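Right, one structure below, let's go through it.
In the working numbering, the protein residues as written are 2 to 292.
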């Protein structure tokens with residue numbers, strides 16, 4: 002092998018999924034004459050932390066404000082005879098790949114950087130990549146083969162609050178799992194927080210009323226892979242403590258939480274829940290004992 006100049010490059014990228022789609026950037030002609038798509042990301046500046054570098058690069062290439070996880074995978078590629086900046090060199094690339102996500106209500110991606118290494122950004126169906134309908138760099142397939150959604154087990158408390166033939170329900174906003182679906186008022190228990198106090202806090206935030214917490218009625222759980230409120234794909238296991246609770250008869254309902262996972266609260270006839278005319282989560286039918 003000829004004694005070529007040595008060039009080592011460290012770059013950071015992110016796998017950002019949204020359902021069955023992945024966020025990709027298309028490389029410009031000054032990088033390759035072939036139409037190739039890659040993970041959003043790029044070279045790390047001297048002294049820059051890789052996590053900061055990939056967030057910066059994602060914004061420049063897609064216009065989206067991303068968050069990346071703490072852990073990453075590292076891929077190495079050695080190209081002993083390749084061209085860089087018009088010169089033939091012995092190139093070594095280290096690619097740090099993070100799990101990333103963007104808010105669920107993010108705008109459509111668009112390139113911000115001018116005269117950069119990418120000319121387009123888009124959400125690309127994973128099926129098109131697997132079927133090779135979309136030309137991608139090898140790193141995309143490598144990273145996808147190693148990807149696994151982060152695991153989260155969440156303990157939450159919910160209230161079964163009845164009034165005659167009605168039940169108090171809250172509607173999930175676009176920021177939550179299953180937007181537009183109704184569920185019991187309640188939510189996650191903070192570390193060290195007593196479940197009953199957590200539930201009272203959640204009812205105030207979601208319904209704008211104080212409640213009196215009664216006995217523990219049942220425990221419900223759910224397991225699925227889906228999108229978290231922050232946009233992250235998670236292997237999610239929810240454990241739900243269902244308490245009996247009451248509110249004052251004259252209480253006026255209103256959502257007080259701002260930009261949260263609840264956008265409406267209402268008294269809903271139990272008959273509508275039982276008939277399926279109102280879309281609800283399993284925790285509601287479980288608490289009511291209806292199928």
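Even glycine gets a Cβ: it sits at the ideal position worked out from N, Cα and C. On a predicted model such as this, the values are computed, not experimentally measured, just so you know.
Beta-carbon proximity of residue i to residue j, cut-off 7 Å
{"i": "residue 13", "j": "residue 51", "result": "yes"}
{"i": "residue 10", "j": "residue 44", "result": "yes"}
{"i": "residue 17", "j": "residue 101", "result": "yes"}
{"i": "residue 227", "j": "residue 178", "result": "yes"}
{"i": "residue 280", "j": "residue 119", "result": "no"}
{"i": "residue 216", "j": "residue 245", "result": "yes"}
{"i": "residue 240", "j": "residue 222", "result": "yes"}
{"i": "residue 136", "j": "residue 36", "result": "yes"}
{"i": "residue 199", "j": "residue 190", "result": "yes"}
{"i": "residue 54", "j": "residue 78", "result": "no"}
{"i": "residue 261", "j": "residue 103", "result": "no"}
Contacting residues, own chain, Cβ-Cβ under 7 Å from residue i (five flanking each side not counted)
{"i": "residue 61", "result": "113, 114, 117"}
Residue i, DSSP secondary structure in three states
{"i": "residue 141", "result": "helix"}
{"i": "residue 148", "result": "coil"}
{"i": "residue 202", "result": "helix"}
{"i": "residue 131", "result": "helix"}
{"i": "residue 273", "result": "helix"}
{"i": "residue 172", "result": "strand"}
{"i": "residue 31", "result": "coil"}
{"i": "residue 82", "result": "strand"}
{"i": "residue 59", "result": "helix"}
{"i": "residue 47", "result": "coil"}
{"i": "residue 282", "result": "coil"}
{"i": "residue 187", "result": "strand"}
Candidates the options: closest to residue i by CA position
{"i": "residue 71", "options": "151, 258, 46", "result": "151"}
{"i": "residue 99", "options": "15, 39, 196", "result": "15"}
{"i": "residue 111", "options": "229, 242, 26, 5", "result": "26"}
{"i": "residue 208", "options": "263, 56, 225, 77", "result": "263"}
{"i": "residue 267", "options": "225, 185, 93, 211", "result": "185"}
{"i": "residue 237", "options": "155, 176, 283", "result": "155"}
{"i": "residue 255", "options": "224, 232, 172", "result": "172"}
{"i": "residue 157", "options": "164, 129, 192", "result": "192"}
{"i": "residue 229", "options": "187, 49, 211, 174", "result": "174"}
{"i": "residue 123", "options": "149, 259, 4, 19", "result": "19"}
{"i": "residue 180", "options": "138, 121, 105", "result": "105"}
{"i": "residue 34", "options": "159, 138, 134, 57", "result": "138"}
Residue i beta carbon near the ligand ADP (any heavy atom closer than 6 Å)
{"i": "residue 227", "result": "Looking for the ligand ADP in the displayed structure turns up nothing, as the structure carries no ligands at all."}
Discussion item. Is it the case that the stretch 243–255 contacts the stretch 143–154, given that we only count it when at least three CB pairs across the two stretches are under 8 Å?
Written reply: no
Item to complete: Could you say if the stretch 83–94 and the stretch 52–71 meet the contact criterion of at least three C-beta pairs nearer than 8 Å?
Response: no
Worksheet entry | Sufficient close CB pairs (3 or more, under 8 Å) joining the stretch 265–275 to the stretch 158–168 | yes
Worksheet entry | the stretch 71–81 contacting the stretch 188–203, beta-carbon criterion three pairs below 8 Å | No, the stretch 71–81 is not in contact with the stretch 188–203.
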